[in-house]
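See below for the structure under consideration.
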Amino acid sequence: MGLYKARSVGLTSVGNQAENDTGDYVDAVVVQEVGHATVTKTNSWIAALSEVVYGHNVAWVYLTLVAVRVIHSQDDQSGFISIDCGIPGNSNYTDNTTGINYVSDSQFTDAGESKTILPIHRTSSLERQFLTLRSFPQGTRNCYTLKPAQGPGNRYLIRAQFMYGNYDSKGVTPQFDLHLGVEKWDTISFNKTTSQELSEIIHVPTSEYIHVCLVNTGHGTPFISSLELRYFNNSMYTAEFGSLQLFARLDFGETFGSYRYKDDIYDRKWDSIRYINSTLVYNFETWTYVGGFKVPYKVMTTAIAPDNSSNPLRLPWTPLNASDQFLIFLYFSEVQTLQRNQTREFDIYLDGKLWSSRPVTPFNRTTVTAYSDVLEKPASRHEIVLQKTKKSTLPPIINAIELFTVKKFLQSQTDDQDAASIMDIKSVYKDHILELVLKWIKWENCPSYIQPHNVKIFGLLTLLRILNLKGNNFTGSVPSSLLSKSKSGLLLLRRGLLPLH
10 MGLYKARSVG
20 LTSVGNQAEN
30 DTGDYVDAVV
40 VQEVGHATVT
50 KTNSWIAALS
60 EVVYGHNVAW
70 VYLTLVAVRV
80 IHSQDDQSGF
90 ISIDCGIPGN
100 SNYTDNTTGI
110 NYVSDSQFTD
120 AGESKTILPI
130 HRTSSLERQF
140 LTLRSFPQGT
150 RNCYTLKPAQ
160 GPGNRYLIRA
170 QFMYGNYDSK
180 GVTPQFDLHL
190 GVEKWDTISF
200 NKTTSQELSE
210 IIHVPTSEYI
220 HVCLVNTGHG
230 TPFISSLELR
240 YFNNSMYTAE
250 FGSLQLFARL
260 DFGETFGSYR
270 YKDDIYDRKW
280 DSIRYINSTL
290 VYNFETWTYV
300 GGFKVPYKVM
310 TTAIAPDNSS
320 NPLRLPWTPL
330 NASDQFLIFL
340 YFSEVQTLQR
350 NQTREFDIYL
360 DGKLWSSRPV
370 TPFNRTTVTA
380 YSDVLEKPAS
390 RHEIVLQKTK
400 KSTLPPIINA
410 IELFTVKKFL
420 QSQTDDQDAA
430 SIMDIKSVYK
440 DHILELVLKW
450 IKWENCPSYI
460 QPHNVKIFGL
470 LTLLRILNLK
480 GNNFTGSVPS
490 SLLSKSKSGL
500 LLLRRGLLPL
510 H
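Numbering of the sequence shown is given in the numbering used here, commencing with residue 10 and proceeding in unit increments.
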């Protein structure tokens, strides 16, 4: 059994906050020093010791914490945009399971139609966000526009979820593309009517506006069930190589469900997996991890080991494309109390080559993170092998893993001034603005049913490169600014019968 692309959402079992989250304030407590550690001390978080040691293509992070009662800032959703697509306009609610506050998508898109999945698929275990959806039977490209409060230059997790649920009673699942701005992000397809599909990316926008678009590729009507954005601390993950598309985020040792907010303050979804040729290792103690990548303690208290303690632990996976380049994040924590004569130590290999610069020794109540500091070489198949060292008396273990493929978006995103101008145009043309094809901002083949308006409004778009005004009901003359761009070769202009300025 291999690792898999994080596509199917599956069942979700989300617990409440840990028992130690009782609202008591504590000072930071140091329980173990690791090298040249720095101590973070606050009155609302547990202390974290951290050291980063760079090895051969691998970075190491050690996080040590103590189990005490503490109040979390987990209730702060200021960095969240949570959209339940298809619910009544301007409505909102708080999800009973996660405590996340969801709003209608009416303020983020003007296009599409609100739909509800068929009653036969509305099971008691189904997440509320899959009950409704927005479909887009008109137009090739339809977009949601997000404007996070933290602005451009920050890291954001952007997650789109989909469930067909035979909402149109046709019984035929569609396939369509998902774009981020002008660039293709993913292709969405379904194995069956009740498949719950997820696509997630960590992205650093250069504009105040983030455009998430659904593109009809001729294989059925695009739709979306929910759209979520989560602000990340800029110290988490890396933006050096491009945007990071999630391939897998797995909680080893957990046998059912998944964890997300409030267990994970960034609302990452950690899926459980039953892994063959392995045995479960766990610890029922409660503590909270702070700093670094903030992997939830519920994830770090379970692990897997090879079923035969003499064997290595193998984690193979097959990329969707042999050209995909991966970034790997591995998380380790000792979940057993070792005797004095016991040692757990192991090396990490990737595709047959030593990946870690030194052996891993997991510690109790400590997250050891090993992650790529360069892009891994592409291959048609990958395998991580954890092999115990000669001095180790215990087999290797692993608690969790994240795998990302790197997306290098080459096209410039919409300029902020142009985005604001588009909003102005959108207020006039409503959903017809979604006929706009964003490729250095094009306006091609504007539908003839657009209501008449003065063509000078297009002079506001500074990055406009192609403008076709033939067969439309615009009034007025072509602005001199557009004529100048056309004469200089910066704009391909088809003006039809409109007079020159």
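The beta carbon of each residue, even a glycine, is placed where N, CA and C say it ideally should be.
Strand pairing of Glu354, partner residues [DSSP]: Paired residues: none, contrary to the question.
Since Pro387 contacts Lys397 with CB under 8 angstroms, what's their CB separation in whole angstroms? Not confirmed; about 29 angstroms, so no contact.
Where do the ends of the alpha helix (DSSP H) carrying Ser495 lie? Ser489 to Ser497
Complete alpha helix (DSSP H) runs within the stretch 258-328 (minimum length 4 residues, chain order): 306-309
Using only CA atoms, which one of Thr346, Gln334 and Val377 lies nearest to Phe355? Val377
Using a Cβ-Cβ cutoff of less than 8 angstroms, which residues in the same chain neighbour Ile126 once the five nearest sequence positions on both sides are dropped? Phe139, Leu140, Thr141, Leu142, Met172, Tyr173, Gly174, Asn175 and Tyr176
So Leu238 packs on Leu155, CB below 8 angstroms; how close in whole Å? 6 angstroms
Since Glu385 and Phe335 are thought to touch, with beta carbons under 8 angstroms apart, how far apart are those beta carbons, to the nearest angstrom? 5 angstroms
Neighbourhood of Thr103 by C-beta, 6 angstroms cutoff - its chain only, sequence neighbours within 5 removed: Asn110
On the DSSP bridge assignment, give the partners of Asp186 in chain order. Thr196 and Val224
For a test of the three-state rule: what should DSSP assign to Gln205, helix, strand or coil? strand
How many whole angstroms separate the CB atoms of Arg256 and Ala409, which I take to be in contact at a CB cut-off of 8 angstroms? Inspection of the sequence shows that residue 256 is occupied by Phe rather than by Arg. The pair is not a contact, with the Cβ atoms about 14 angstroms apart (cut-off 8 angstroms).
Euclidean distance between Cα positions of Gln351 and Asn317: 17 angstroms
Can you look up Ser87 in the DSSP assignment and give me helix, strand or coil? coil
Is it right to say Thr375 is buried, meaning 16 or more other beta carbons lie within 10 angstroms of its own, or is it exposed? buried
Hey, could you find the ends of the beta strand (DSSP E) Arg367 is sitting in? Taken as a continuous stretch (DSSP letters only), Arg367 belongs to no beta strand (DSSP E), as it is neither H nor E.
Chain-order list of residues whose beta-carbon lies under 6 angstroms from that of Leu195 (same chain, five-residue window excluded): Checking the sequence, you will find Asp at residue 195 rather than Leu. Contacts found: Leu187 and Ser208.
Less than 9 angstroms between the beta carbons of Gly88 and Ala158, yes or no? yes
Would you list the residues sitting across from Arg390 in a DSSP beta bridge? In DSSP, Arg390 forms no bridge with anything.
Rounded to whole angstroms, what's the CA-CA distance from Leu502 to Leu476? Just pull it up for me. 5 angstroms
With a threshold of 16 other CB atoms inside 10 Å of the CB of Met245, please say whether the residue is buried or exposed. exposed
Is it the case that the Cβ atoms of Ile313 and Ser252 are separated by a distance below 9 angstroms? no
In whole angstroms, what separates the C-alpha of Pro161 from that of Glu249? 16 angstroms
Using a 10 Å radius around the Cβ and a threshold of 16 neighbouring Cβ atoms, would you call Gln348 buried or exposed? exposed
Give every residue of the same chain whose Cβ lies closer than 6 angstroms to the Cβ of Val394, excluding the five residues on either side of it in the sequence, and list them in chain order. Pro321, Arg323 and Tyr358
Given this structure, state the Cα-to-Cα distance separating Leu289 from Ile219, to the nearest angstrom. 42 angstroms
Out of curiosity, what's the CA-to-CA distance linking His228 and Asn200? 14 angstroms
Hey, Pro128 and Phe185 are a contact pair by Cβ (cut 8 angstroms); roughly how many whole angstroms apart? Not really, about 25 angstroms apart at Cβ, beyond 8 angstroms.
When we look at the beta-carbon of Ile197 and count the other beta-carbons within 10 Å, is it buried (16 or more) or exposed? buried
Straight-line Cα distance separating Phe338 from Lys303: 13 angstroms
Residue burial classification, Arg390 (beta-carbon count within 10 angstroms, cutoff 16): exposed
Just how far apart, CA to CA, sit Phe372 and Leu363? 22 angstroms
Sort out for me which residues DSSP pairs Ala169 with in a bridge. Ser208 and Leu236
Which first and last residues belong to the beta strand (DSSP E) in which Tyr153 is found? Arg150 to Leu155
Indicate whether Val112 and Ser123 have their beta-carbon atoms separated by less than 9 angstroms. no
Inter-residue spacing [alpha-carbon to alpha-carbon] between Lys307 and Leu491: 59 angstroms
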